[in-house]
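Working notes, beginning with the structure itself.
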Amino acid sequence: MSHRTTPLFPALAEGSSRPALTFGERTLSYKELAESAGSLAALLGPAPRVAVWATPTLETAIGVVAALLAGIPAIPINPRVGERELAHIVSDSEPSLVLATQGDKLPLALAELVRIDIKATATTGYGRTWPEPAPDHPALIVYTSGTTGPPKGAILPRRALSSTLDALQDAWQWTSRDVLVHGLPLFHVHGLILGILGPLRRGGSVRHLGRFSTDGVTRELSAGATMLFGVPTMYHRIAEQLPEDPALAKALAGARLLVSGSAALQARDHERIRTATGRAVIERYGMTETLMNTSVRADGEPRAATVGVPLRGVDLRLVDENGRELLDGPDQVGEIQVRGPNLFLEYLNRPDATAAAFTDDGFFRTGDMAVRDPDGYVRIVGRKATDLIKSGGYKIGAGEIENVLMEHPAVRDAAVTGEPDPDLGERIVAWIVPGDCEQPPTEKELADHVATQLAPHKRPRTVHYLAELPRNDMGKLMKRALHA
Ligand code: MCA
Ligand code: AMP
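Numbering (our numbering), first residue to last: 915 to 1398.
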């Protein structure tokens, strides 16, 4: 059957000289991006899947666009990923190729694959048209943590990307005239799909900061950028900086849209930013598996502490513990369930987890608990699983960290919890029973162990030492007793 689907990036085919991507001093126009990504796409052949070493660079953006042009599912890899996590991702997703910036040293598990260097300049390939694969064809595989076990690969089809980005166009009045600025990592949905592929789908442009800084935000918003994306930690750092930084306040005041997501932005930070700039930060709510579900609209009322209303095309309901849909009301707390073209296909190699994630009528169980205002605004009030931690906007499973801590030779027993943190939202806390109480492992040793096995953002920020962990008669850990 032939498909007559519109391409993911219509502006690429037009090949204009307008800027598409800027990273530091380097800018690629749509024409240059079509050339460099096109010539790389032509080299990929019929690879079943490619890994992309997702440093915050122009090359990563080119590599992902090339894979999407060629219709080959791409797996973005955190360049700070630890040994164990990488081994899991590579054996689970079995990429046949890895794309990386020339000169970047890859860890062994990736260095063993066929490697293609990504070049920001190239000419062959331009002029070729790339047929758009079927809407359900996998576009990206993004790894996301669960409460237990290693991260799961969420397979995101092309229709999920196009539908979520077009729903955001509607909610945010996002156009080709918008210039986005952000400093988000490029191996997750927020930074990669919204932050890079979003502007490219609109035919607009993005200026990536390489790494987040309030100075970078000031510079780019003062030089014509119109939108800012960030996680709450970034807005918290902006709020802290504002009292002594009139240039930052002026830059934010001039932006068209300030958007926060990946975790809840504290009311105090909303308030401080609004007071200093006169501008309201708007929140949107999404997940790796669902992409974006709700947002405060650009033409709507910017109500703090809500994630706004369902996006176009998203079916959203709140459900009680018996699976019954709740009627809206201020006291009705239920789990958010969503259905729509924005959803992932399945977890790679995990039919059990996929089946458990969906209801019989095709809704995805988000695990997020919320209430709905009478006019439909959604307020997230908590999470079903206490073993999921959101730190700096990263989702982190407590079980994953406990498993690697238990393997440390000086650890006899370990538990991990999340604790409120003004900067990170939550910080990871480890509760350790040392093998030898006289010579417990140091905090740094434990943090380094987690950082090198999993990833630095999963490292514990606080360590408590105990003689025993509180367990019930069945041997089950009683985490609530820890903080007491
Ligand atoms: C420190 N570092 C270490 C160690 N200690 N490295 C190895 N071993 C150690 N023991 C390094 C870190 O790697 C980092 O290096 C530097 O020290 C500082 O790290 P840290 O203090 O951890 O963090 P930060 O740099 O201050 O990070 C805050 C941040 C970051 C910038 C806000 O958390 C961040 O980028 N968050 C974004 C998360 C995100 O995009 N989530 C979206 C998920 P270096 O600085 O060199 O790297 S998608 C999603 O949630 C859904 C779909 C949604 O709704 O969006
Ligand atoms: P991830 O698995 O990294 O994609 O994280 C998804 C989770 O982030 C959701 O299930 C929510 O718990 C949380 N999240 C995302 N955006 C928001 C927001 N604006 N407010 C509160 N929580 C959010």
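By construction, the Cβ of each residue, glycine as well, lies at the ideal position given by its N, Cα and C atoms.
Per DSSP, M1320 lies in no beta strand (DSSP E) segment; the continuous alpha helix (DSSP H) that holds it begins and ends at 1312–1320. Only residues of its own chain outside the window of five on either side were considered, and among them P1099, L1100, H1122, G1124, R1125 have a CB closer than 7 Å to the CB of P970, listed in chain order. Rounded to whole angstroms, the separation of the alpha carbons of G1227 and S1077 is 8 Å. The three-state reading of DSSP puts S1005 in helix, counting H, G and I together.
Cβ-Cβ distances below 7 Å link P933 to T941, S943, S1119 in the same chain, with the five nearest sequence neighbours on each side left out; the list follows chain order. Measuring C-alpha to C-alpha distances from P1146 to each of R1182, T1062, R1116, A1284 identifies R1182 as the nearest. Contiguous beta strand (DSSP E) elements confined to the segment 1216–1291 occur at 1229–1233, 1243–1253, 1278–1286, taking only those with 3 or more residues. Per DSSP, the continuous alpha helix (DSSP H) segment holding M1148 begins and ends at 1146–1155. Here G1296 is bridged, per DSSP, to M1283. It is roughly 27 Å from the alpha-carbon of V1210 to the alpha-carbon of A1161.
Beta-bridge analysis with DSSP links T1208 to Y1199, P1224. Under the 10 Å beta carbon count, A1068 is surrounded by 16 or more other beta carbons and is classified as buried. Taking L1396 as the centre and dropping the five residues before and after it, the same chain places the C-beta of A1329, T1331, W1345, P1384 closer than 7 Å to its C-beta, in chain order. The beta carbons of L1075 and A1053 sit about 5 Å from each other, so the pair counts as a contact at 8 Å.
Taking non-hydrogen atoms of ligand 2 into account, the C-beta of G1097 is found less than 6 Å away from none of them. Taken atom to atom, the span from the alpha-carbon of V1028 to that of R963 is near 12 Å.
Counted as a single uninterrupted DSSP element, the stretch harbouring L1022 is not any beta strand (DSSP E) but the alpha helix (DSSP H) occupying residues 1022–1025. Residue pairing for T1062: DSSP places it in no beta bridge. Per DSSP, the continuous alpha helix (DSSP H) segment holding T1366 begins and ends at 1357–1367. For L947, same chain residues with a beta-carbon under 6 Å away, outside a window of 5 residues either side, are A934 in chain order. DSSP links M1141 through a beta bridge to L1094, L1171.
With the rule of 3 Cβ pairs closer than 8 Å, the segment 1244–1253 counts as touching the segment 1280–1299.
Between E1197 and G1237 a beta carbon distance of about 27 Å is seen, past the 8 Å cut, so the two are scored as non-contacting. Under the three-state reduction of DSSP, V995 is assigned to coil, being neither helix nor strand. Taking 6 Å as the cut-off, one finds at least one heavy atom of ligand 2 near enough to the beta carbon of G1175. The Cβ-Cβ distance between D1335 and R1341 falls below 7 Å.
Residues of the same chain with a CB within less than 7 Å of the CB of Q1155, apart from the 5 flanking positions on each side, are T1128, L1162 in chain order. One thing to note: L1360 has its Cβ no nearer than 7 Å to the Cβ of V1347.
Under the criterion of beta carbons closer than 8 Å, K1033 and S950 qualify as touching, at roughly 6 Å. Of the residues E1158, I991, K1164, F1278, the one whose Cα lies closest to the Cα of R1133 is K1164. Distances between the C-beta of I1069 and the heavy atoms of ligand 2 are all 6 Å or more. An exposed status is given to G1192, since fewer than 16 other beta-carbon atoms sit within 10 Å of its beta-carbon.
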